[in-house]
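Worksheet: one structure, shown below.
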Amino acid sequence: MHALNWFEIPVVDLARAISFYEQLLASTLQRTQCGGERVLLPHQPGAVGGELTKTDGVSPAAGGVLPYLNANGQLDVLLERLQTMGAQIELPKTEISPEIGSIAIFIDSEGNRIGLHSEP
């Protein structure tokens, strides 16, 4: 069992956020039928998953919980994409340890702080 099994990234402009994450992840995001404006982020069945969500009363924030997306060994590639996209890189690639791997932190199109993690 995972300590975390689902997360939501709040957005103001869903179309802008979809474009940002589709470009970053090089993947087409899937709209859900769960009510409201929600789009699934890519994940494997049984693994931790998440979505972009436009919900009344919930706003993007640079403070608070910091979710990390799995860079799947492609942290350098994702950071290059973020630079090409003009995104703000708050923390460049930083090795935590040889056992844990490396992280980076960026600000998404909506103003959220989002981390990337890549195992060694």
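Here the sequence shown is numbered in UniProt numbering, starting from 1 and rising by one per residue. For every residue, glycine included, the Cβ atom is placed at its ideal position computed from N, Cα and C.
- In this structure, the straight-line span from the alpha carbon of M85 to that of L79 is close to 10 Å.
- In this structure, the straight-line span from the alpha carbon of Q33 to that of G73 is close to 31 Å.
- Pairing V48 with G111 gives a Cβ-Cβ distance that is not under 9 Å.
- Restricting attention to E8, I103, I100 and S97, the CA atom closest to the CA of E51 is found in E8.
- Boundaries of the beta strand (DSSP E) around A104: G101 to I107.
- Taken through DSSP and simplified to helix, strand or coil, S19 comes out as helix.
- In the same chain as R16, and ignoring 5 residues on each side of it, the C-beta atoms closer than 8 Å to its own belong to S109 and E110, in chain order.
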